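Novice:
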Amino acid sequence: MKEPILIKNINCISCPAGCNIEVEFDGKKILSVSGNQCKKGWKFTEDEIINPRRILTTTVSINSDSILRLPVRSNIGAPKEKIIRMVKELKKVKVEVPVKMGDVILNNILTSGVDIISSMSVEN
Ligand code: SF4
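If you read the sequence shown in the working numbering, its first letter stands for residue 15, the second for the next number, and so on.
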């Protein structure tokens, strides 16, 4: 029988407690989780190991007189393995003013289900 892979020192960032969680993972599924003070720790750990996601923040080109680049971010966590390709995709984007904070700049980027939205409003 294959030995489970032991992964240590995953910090749950779902709340300020910042539990240090120890996980047993067999390469396909989580076998056990310890060190978490609540159930969210299991979900966080599972997501972090099996499907890690991060909020993507970057800037895109804009035809503005007031700023050089428009700050944008993903509306939800983006799959970590697609982030570099997403940033490359966003280099092709040029936003026309006016734009409002929260406007969708790129819908469903790389068919990930993630939208890229404006982080600020720009009038001109
Ligand atoms: S496991 Fe629960 S208590 Fe601990 S950091 Fe995560 S959400 Fe907070």
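Ideal Cβ positions, reconstructed from N, Cα and C, are used throughout, including at glycine. Predicted model, so just to flag it, every value in this text is computed and none were measured.
#1: Sorry if obvious, but does the Cβ on asparagine 50 come closer than 6 Å to a heavy atom of ligand 1?
#2: Quick check on DSSP: helix, strand or coil for lysine 102?
#3: Runs of 4 residues minimum, wholly inside the segment 31 to 103: which ones carry the alpha helix (DSSP H) assignment?
#4: Among Ile69, Asn121, Glu60, which one has its Cα closest to the Cα of alanine 92?
#5: At what residues does the beta strand (DSSP E) containing leucine 120 begin and finish?
#6: When DSSP labels each residue in this structure, what does isoleucine 123 get in the three-state scheme?
#7: How many Å lie between isoleucine 90 and isoleucine 19 at the Cα?
#8: Roughly how many angstroms separate the alpha carbons of isoleucine 44 and lysine 94, rounded to a whole number?
#9: Is alanine 31 near ligand 1 - that is, is its Cβ less than 6 Å away from at least one heavy atom of it?
#10: How would you label serine 48, buried or exposed, when you count the other beta carbons within 10 angstroms and need 16 or more for buried?
Specialist: With the given structure in hand:
#1: For this step, residue 50 is matched to residue 36 along the sequence shown. Yes, Cβ of asparagine 50 sits closer than 6 Å to a heavy atom of ligand 1.
#2: Translated into positions along the sequence shown, residue 102 becomes position 88. Three-state DSSP puts lysine 102 in a helix.
#3: Listed in chain order, the complete alpha helix (DSSP H) runs (minimum 4 residues) inside the segment 31 to 103 are 54 to 64.
#4: Within the sequence shown, numbered from 1, the residue matching residue 92 stands at position 78. Cα-wise, what sits closest to alanine 92 is Ile69.
#5: Along the sequence shown, read from residue 1 onward, the residue named residue 120 stands at position 106. Start and end: 118 to 120.
#6: Position 109 of the sequence shown, counted from the start, is the residue given in the question as residue 123. If DSSP states are grouped into helix, strand and coil, isoleucine 123 belongs with the helices.
#7: Walking along the sequence shown from the start, residue 90 turns up at place 76. Walking along the sequence shown from the start, residue 19 turns up at place 5. If you draw a straight line from the Cα of isoleucine 90 to the Cα of isoleucine 19, it comes to about 30 Å.
#8: Start at 1 with the first residue of the sequence shown, and residue 44 comes out as number 30. Start at 1 with the first residue of the sequence shown, and residue 94 comes out as number 80. Rounded to the nearest angstrom, the gap between the Cα atoms of isoleucine 44 and lysine 94 is 19 Å.
#9: Here residue 31 corresponds to residue number 17 of the sequence shown, with the count starting at 1. Yes.
#10: Your numbering for residue 48 matches position 34 in the sequence shown. That one is exposed.
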